[in-house]
Amino acid sequence: MDSKLSILVALGLCFAILFDADSAAAQIYGGGSGSQTRQSRYRSPQCQLQRLQAIQPNRRIDAEGGFTEIWEQYNYDQLDCAGTSVSRTTIRSNGLYLPVYSNAARLTYVVEGECVQSEVIPGCPETYQAFQQPGQQYRGSAAGEQQQQGSRADEHQKVRRLKRGDIVATPPGFVQWFYNDGNTDVVLVTLLDTANSQNQLDNQDRGFFLAGNPQRAQEPREAEQKQGAEVNYNNIFSGFADEILQEVLGTSRETVERVKGRNDYRGHIILVRHGLEMIKPLRYQEEEQQRHQFTNGFEETICTARLRENMANPARADVYNPQAGYIRNVNRLNLPVLGYLYLSAERGVLYRNAIYAPHWNLYSHSIIYATGGSARVQIVGNQQRQSLFDGQLRQGQMIVVPQNFAVTAQAGSNGFEWISFKTGNNAISQSLAGKTSVLRGLPVDMLASMYQISRQEALKIKYNRGDELAIFPSRLSSSTCNDKKSKA
Amino acid sequence: MDSKLSILVALGLCFAILFDADSAAAQIYGGGSGSQTRQSRYRSPQCQLQRLQAIQPNRRIDAEGGFTEIWEQYNYDQLDCAGTSVSRTTIRSNGLYLPVYSNAARLTYVVEGECVQSEVIPGCPETYQAFQQPGQQYRGSAAGEQQQQGSRADEHQKVRRLKRGDIVATPPGFVQWFYNDGNTDVVLVTLLDTANSQNQLDNQDRGFFLAGNPQRAQEPREAEQKQGAEVNYNNIFSGFADEILQEVLGTSRETVERVKGRNDYRGHIILVRHGLEMIKPLRYQEEEQQRHQFTNGFEETICTARLRENMANPARADVYNPQAGYIRNVNRLNLPVLGYLYLSAERGVLYRNAIYAPHWNLYSHSIIYATGGSARVQIVGNQQRQSLFDGQLRQGQMIVVPQNFAVTAQAGSNGFEWISFKTGNNAISQSLAGKTSVLRGLPVDMLASMYQISRQEALKIKYNRGDELAIFPSRLSSSTCNDKKSKA
Amino acid sequence: MDSKLSILVALGLCFAILFDADSAAAQIYGGGSGSQTRQSRYRSPQCQLQRLQAIQPNRRIDAEGGFTEIWEQYNYDQLDCAGTSVSRTTIRSNGLYLPVYSNAARLTYVVEGECVQSEVIPGCPETYQAFQQPGQQYRGSAAGEQQQQGSRADEHQKVRRLKRGDIVATPPGFVQWFYNDGNTDVVLVTLLDTANSQNQLDNQDRGFFLAGNPQRAQEPREAEQKQGAEVNYNNIFSGFADEILQEVLGTSRETVERVKGRNDYRGHIILVRHGLEMIKPLRYQEEEQQRHQFTNGFEETICTARLRENMANPARADVYNPQAGYIRNVNRLNLPVLGYLYLSAERGVLYRNAIYAPHWNLYSHSIIYATGGSARVQIVGNQQRQSLFDGQLRQGQMIVVPQNFAVTAQAGSNGFEWISFKTGNNAISQSLAGKTSVLRGLPVDMLASMYQISRQEALKIKYNRGDELAIFPSRLSSSTCNDKKSKA
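Chains as they are written, first to last, in UniProt numbering: chain X, 1 to 488; chain H, 1 to 488; chain Z, 1 to 488.
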């Protein structure tokens, strides 16, 4: 073996370890190393899974600049078992979702619209800086009259642009905000994972806004106030003494009053009257390109970790069948931060009448939200021969598929689109049919004995649809399917 | 330092890291890296450990080809605290334990007999292939008349031979089956660890068979139906709609009926009338040799990870005392998959009247099953000066030694053999006597003060049996011991 | 690139991985790798955090050589939520805290005095050896008359000297003892973390002494016997049969009686009449220097892992402000064993009227014990606009700041000193004011919109105290502060 080659090999191997962004990122996320995929979530002492339903949000919180609808885990057995809540937020044009953090790890999927978003990472520098060149006006400054005091060029932490199909990950305890600088509503669906192992409190989603008065603006949709229905978000400044805040912020008593938001009734999403000036990427494309241009393995440090990934592009699908649809996964391999949040996600599109083959998830629950169309979904549990759920999942509804439980879906006549949040970063699944079917791992004579069928029949179920992976076009006439569904 | 040498050293060191099977295997097991030995099990909110007993199975499930007896954790406080159940399965000649998976990590010890076994690993290829040479009949095909359709040579995932003293590890969610191709009964004892950190459901062992009708064949041994006594295993196909299964399996409605097992009353272990043809290793020895011949560090990938280890051979004992017996440990160092299951095991043999020195396990519970003979076992807890248990543990019985609790055992006149499942992959123990006694770590003057004895006496208890490790032959006459035991 | 250079680089990189003490140490601690900072503690199903109080110990256990006061987690909602108890132990001159282990990970801070301490690590050699040179008397031997039998030179595991400001870490299951060889009382404050992930039992602190009779000496301070108030420490030998102990210790029945401590009423801290001879470091300084002299990366093996760090020296402060005070952190980076215990600690000193800026801890609870002076502490929760706690924390009192909850403190006229135990090894905090304020990460226009203030005011709160980090001197007159406090 040539000595130079061996050096390169040695270096290469070592680099493979060292320039994995994991160790650096682990420092801040408090997560494990990249090869570490252990899930140690808080577990419900008893999962009530005798029946499942397609569910709607149980609560709505209105605000000046939009509203949030919540599926609360205290309200639904299936979410309680999974240890997660789900929320759907609509932000109107010029709406600012106030900066907030909580004990939940969050995965946010952009269902509609486009906005800017940021996460403030503790200890990281303000890297978005407005340089003022001589004779040039700082574009971040709103008006010329503030020039004497306000002439200091602004700087803040990274701001990213989000568009339809993006998913963004937020570690627990990180402050996050969204601002809709577009002309149409933004709709976000968020998994709120309080069972994450970073959370040392109980399973309540306990949150803190940096401004406003969430105690006032929130009101339950219906009269019934279940356990989780209390207001569990606060303005973090509200409880501190005025004189302390005045001192540590170096400001006046009047400003402290405003910071504490005592008389602020705008709610958790406010309207910014004349638009918000900040240093932000102009267009989505550019930011994306820039990232790819300069990739050298070094830039994935703690403070520049990538937290966003687009899932909408069929060209990047993991499973693609021109007759049936496509599936795209985001996990710790393509979005490393998910290695620390122990979460992943699946975006899927099924064409008219196509079938997602029956399968189970080995190391995660799957929280499915229908972003479009509808499907007949069947879920099989361990305690009864009938399915736990056999019905339609329609746009705007969600359902939980518990770990190890088997699930299949057949798209309706308008197709089916979904985002599925998974409570594990290595959400391996095992299919019951097709190319990667578990039946293919078994001897054909065993199948014959197990099912009391002929060897010929056993070969059929082992290989007949053996060239198709995960999603199949329907071979039956669509009328048959519709008949079945209308009976269900 | 010579440059070639340094290259080799550099390479060697890197190899030591990279070719450790851990990182690869971690991808599929969802476990931690090899050096990671953290246990984050589900913990019982309250351990009832005021009394311990040697226990028998509380439930028996009969089937055509054998039967399973279960110690259910819902039935025994000691198992509830440990978060595990234990089962003992007897498979008759030609019996096939149907393919099954559950949310429990499993360690199975072969008490009697010999069989073949397989685990279907998601995403792994079918590596056991029957090649058909020209003019040669495929030996896996049962009959000549199937030649036109059935002429396709079979292929399936790895099948391994198990014999007495083997232990086999099964990650949660992996499909597993056993087939007794011998002439005598096979007896398996299995730890069902639902407290494993991969399980995100509650502590119920929720299982899915790939065939049959477990809802019908199971019946509780006694009338009392405790919480865990419900049927919590299902045929995974049973709840799916016929037309979906027909489509995705590419088969007929009649076959789907058979797959769903509606009228199958054979139970979870079926009899294969004319024996089962498959591609399997002919003899145990050969497989073992083959593994050693080709070991080059590369073969321990995800799909070929070793899941079996033989514990019966005294020549590989970790502790060996010709007068007292021997102990053999299987842990993540000699069976790497245990690094991901966070489990380990100890096989022990004590000769007539020999003593297992008092000790405690720092990072695991120990679930002891007596495979032969009997012993007087004493267990000391933290709340009372008397022992929690002082009695006989006889062949076929089991008992839990909780973490940190002290235990000792003295074999009866026929000796004592056991398998001990440990709920940690680094099950360190600390002895109270002998070569590695904790007393040897303390200054002799401190022992004298602690126990209010002379320095001479302190030296005695520190060094008198200081050349013996873990297991000691009895120095007293056996009659004295028997007297004691008969009184107990 | 020069080949020699590349070799060095390759080696260097590999060394960086391999000679990190982590992998070796992980073997025994059962902890994760160094870069692994995941916390998977046992979590209280429901945290009662509507009110917080500065609390005193609820129980006192007296013994011959001192006494222990305990804040039991069963008695205080805030400790129950954190999964920890706290104890304060006073050891009199010549007092020996008997060797003991439990299922709690322990962090012990020396508030007063100086003593020797040791942890017996399973499987590690007795490295403190008394060599007897010809004609020289062994200094460890108490008297000449024992020379014939007692002439064997003693050896035992490492003993370390502790002084004021030291913190010492003890993994669960490790035997530990303290001996006060000085002339003044030693006062130790200990975090007892039963929520640590190594503990597989419930959250009770279940402990075992190697001697004595804790069942007799302990008596509750008050009549009320709450759940945790039972005696949950035992002499580990007490429950074993005499004849077994006689055999395995190779000693007489009389000595076994003494070992079992049946008639020992001295309690858990005994007085050693004529002092205790052992092989121990003579002076604190020397040990410290020795460690630094020989540091080459190799000495941090399993058996020689450093378990002690001094936190008292202002010269090593992490945050230092001559007008306000200083803060020193001990975590997995400067005391690697904390990487396995998933704990860390903060020692702080605030001068008269100085302020610890409002902040929250992202990945840990903070258990604050006041070692000196007093402070006005304010804690803000997520459910009400008022603070959960606004009052004095005085010397000898403690309080829990839950994860993510915001806290600030202003020292009283005599200053404030504290030790804060944190239930995470990467206890990142985020400040609401000063140099690392979260407000600096937000665009200035956003602050103006959020708080409905001018851009000028927004710049003020963003930058006005922007040169100060974490601790600020008060700019207001101290009289104002005192007024406020007297009203509180």
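Built from N, CA and C at the ideal position, the CB exists for glycine as well.
| Query | Result |
| --- | --- |
| Short CB-CB distance (under 9 Å) between residue 146 of chain X and chain Z | Low confidence applies here, because residue 146 of chain X scores a pLDDT of 41, under 50, leaving its location unreliable and the question unanswered by this model. |
| Contact between the stretch 330-339 of chain H and the stretch 348-364 of chain H (3+ Cβ pairs under 8 Å) | no |
| Pairwise C-alpha distance: residue 205 of chain Z and residue 232 of chain Z | 7 Å |
| The stretch 424-443 of chain H in contact with the stretch 363-374 of chain H per 3-pair CB rule at 8 Å | yes |
| Option nearest residue 356 of chain Z by Cα separation, candidates X/49, X/117 and X/240 | X/240 |
| C-beta atoms of residue 236 of chain Z and residue 63 of chain Z nearer than 9 Å | no |
| Same chain only: Cβ atoms within 7 Å of residue 448 of chain Z, ignoring 5 sequence neighbours per side | 454, 455 and 458 |
| Residue 56 of chain X classed as buried or exposed, judged by whether at least 16 other C-beta atoms fall within 10 angstroms | exposed |
| Identity of the residue in X/182, X/181 and X/190 nearest residue 169 of chain X by Cα | X/190 |
| With 16 other Cβ atoms within 10 Å as the buried cut-off, status of residue 156 of chain H | buried |
| Residue-chain proximity (residue 358 of chain Z, chain X), Cβ-Cβ < 9 Å | yes |
| Cβ shell of residue 469 of chain H (< 7 Å), same chain only, five flanking positions each side left out | 319, 434, 435 and 436 |
| Helix, strand or coil at residue 339 of chain H according to DSSP, with G and I counted as helix | helix |
| CB contact below 9 Å: residue 88 of chain X versus chain H | no |
| Cβ contact check for the stretch 373-385 of chain Z and the stretch 111-124 of chain Z: 3 or more pairs under 8 Å | no |
| N- and C-terminal bounds of the beta strand (DSSP E) containing residue 114 of chain H | 114-120 |
| Residue 447 of chain H: first and last residue of the uninterrupted alpha helix (DSSP H) it sits in | 444-451 |
| Exposure label - residue 475 of chain H; buried when at least 16 CB within 10 Å | exposed |
| Chain H contact for residue 367 of chain X (CB, 9 Å cutoff) | no |
| Under 8 Å from the C-beta of residue 255 of chain Z: neighbouring residues of chain H | 451, 453, 457, 460 and 461 |
| Residue closest to residue 443 of chain H, alpha-carbon to alpha-carbon, out of Z/177, Z/89 and Z/331 | Z/177 |
| Cutoff 8 Å; reference residue 159 of chain Z; Cβ partners in own chain excluding five residues on either side | 116, 117, 118, 128, 278, 279, 280 and 281 |
| Residue range of the beta strand (DSSP E) that includes residue 169 of chain X | 166-170 |
| Rounded C-alpha distance that separates residue 126 of chain H from residue 441 of chain X | 6 Å |
| Touch test, the stretch 69-83 of chain X against the stretch 192-207 of chain X, Cβ-Cβ under 8 Å, three pairs minimum | yes |
| Close-in-space but distant-in-sequence residues of the same chain around residue 173 of chain X (CB under 6 Å, 5 per side omitted) | 101 |
| Reference residue 370 of chain H; option with closest CA among H/419, H/404 and H/345 | H/419 |
| Which listed residue (H/183, H/106, H/92 and H/306) has its alpha carbon closest to that of residue 341 of chain H | H/106 |
| Length-filtered (3 minimum) beta strand (DSSP E) runs lying within the UniProt domain "Cupin type-1" (309-459) of chain Z | 319-321, 325-330, 344-350, 355-361, 366-380, 389-394, 398-401, 406-422 and 429-431 |
| Residue from X/42, X/40, X/45 and X/52 with nearest C-alpha to residue 407 of chain X | X/52 |
| Beta-carbon proximity of residue 212 of chain Z to residue 382 of chain H, cut-off 9 Å | no |
| Proximity to residue 111 of chain Z [Cα-Cα], best of Z/248, Z/462 and Z/372 | Z/372 |
| Burial state of residue 87 of chain Z (16 or more Cβ within 10 Å) | buried |
| Range of the contiguous alpha helix (DSSP H) that encloses residue 244 of chain X | 242-249 |
| Interface residues of chain X facing residue 464 of chain Z [CB-CB closer than 8 Å] | 249, 250 and 251 |
| Backbone CA spacing between residue 275 of chain X and residue 66 of chain X [nearest angstrom] | 16 Å |
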